[in-house]
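Okay, structure first, notes after.
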Amino acid sequence: PKGNTPQMDVNSAIPDFFGGDEAKLQDYLKFRDTLTGLKNPTRIADVIASGLDRYDAVFVPGGHGPMMDLLDDPDAGTVMRHFHKTSKPTAVLCHGPISLLSALPNSTEVVAALSAGDVAGAHAKAQGWIYSGYKMTIFSTAEEQQREPLEIGGKVLFYPDFALTTAGGAVSVLPPWKSYVVQDRELISGQNPFSDYELLKLLLPALDAKTKSVSAA
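Using our numbering, the first residue of the sequence shown is number 364, and each one after it goes up by one.
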């Protein structure tokens, strides 16, 4: 949201996330270093100002970042509502689906209730969520409990799958670290980092179909 340079989670820069292949990890790191735009990313507010109609899809990756700065960001909410309203592909992976909460006009209140353990309050405040009833997946509680001691040295404020369920999402997950992707209308969600390929196999045809329909119109 602020346009600051994203920081890589050092615990993710391990061969385990690249099929156990150190060479693939090094290839990725070299590729990442060519993405100079990541050093000074465009703020979400500036993307909105440039016109969201210019964009054919939105993708929110994972890591704990979205749990901190996207889940209740009003600009992120503007983006999500636009892609929902226009039925344009919305792909979210791992922790990324938590950004769907930003579409709530009172997302800050919902997040505060979740953080306080006020389940009934969070559910009540989330009434009318545009993704209510959508089938979706997200990083599971079981996966989070394995990773939070390593990556954040403590506990998350609330578990992502529980949060989306409380808000009204039809959330399902598989056992830890299995590839799992759910598609419901414009929304394509993947459970964890190992779901990336399957998510891509759904996103690319959806994107192709959407751009063809726009061209035909």
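Ideal Cβ positions, reconstructed from N, Cα and C, are used throughout, including at glycine.
In this text the structure is predicted, and so the values were computed from the model without any measurement.
**Inter-residue spacing [alpha-carbon to alpha-carbon] between P523 and N403** = When the Cα atoms are used, P523 and N403 turn out to be separated by approximately 28 Å.
**Request:** For D436, name the three-state secondary structure that DSSP assigns.
**Result:** It is coil, neither helix nor strand.
**Request:** Could you pull the start and end residues of the beta strand (DSSP E) that I551 belongs to?
**Result:** I551: member of the beta strand (DSSP E) spanning L550 to G553, first to last residue.
**Prompt:** Exposed or buried, what is L392 when buried is set at 16 or more other beta-carbons lying within 10 Å of its beta-carbon?
**Reply:** Exposed: under 16 other Cβ atoms inside 10 Å.
**Opening and closing residue of the alpha helix (DSSP H) in which F525 lies** = From DSSP, the alpha helix (DSSP H) with F525 extends over P523 to A530.
**Prompt:** Should I501 go down as buried or exposed, given a rule of 16 or more other Cβ atoms within 10 Å for buried?
**Reply:** It counts as buried.
**Reduced DSSP secondary structure (H/G/I, E/B, other) of A533** = Per DSSP, reduced to three states, the secondary structure at A533 is strand.
**Message:** Out of Q370, L401, L563 and G491, which one is the CA nearest neighbour of N469?
**Reply:** When each option's Cα is compared against that of N469, the closest is G491.
**Asked** Skipping 5 residues on each side, what residues in its chain have a beta carbon closer than 7 Å to that of G459?
**Response** If we look at G459 and ignore the five residues flanking it on each side, its Cβ neighbours are V423, P424, G425 and P429.
**Prompt:** According to DSSP, is D316 helix, strand or coil?
**Reply:** Residue 316 lies beyond the stretch modelled for the chain, which goes from 364 to 580, so this question has no answer here.
**Message:** Using only the alpha-carbon positions, how far apart do G516 and Q509 sit?
**Reply:** The alpha-carbon atoms of G516 and Q509 are separated by roughly 11 Å.
**Message:** So, with DSSP's three-state summary, where would you put K393?
**Reply:** DSSP, read as helix, strand or coil, puts K393 in helix.
**Item:** Beta-carbon contacts of D436 that lie in its chain and below 6 Å, excluding the five residues immediately before and after
**Value:** The residues are P364 and S465.
**Prompt:** Where does V423 sit, in a helix, a strand or coil, going by DSSP?
**Reply:** Strand.
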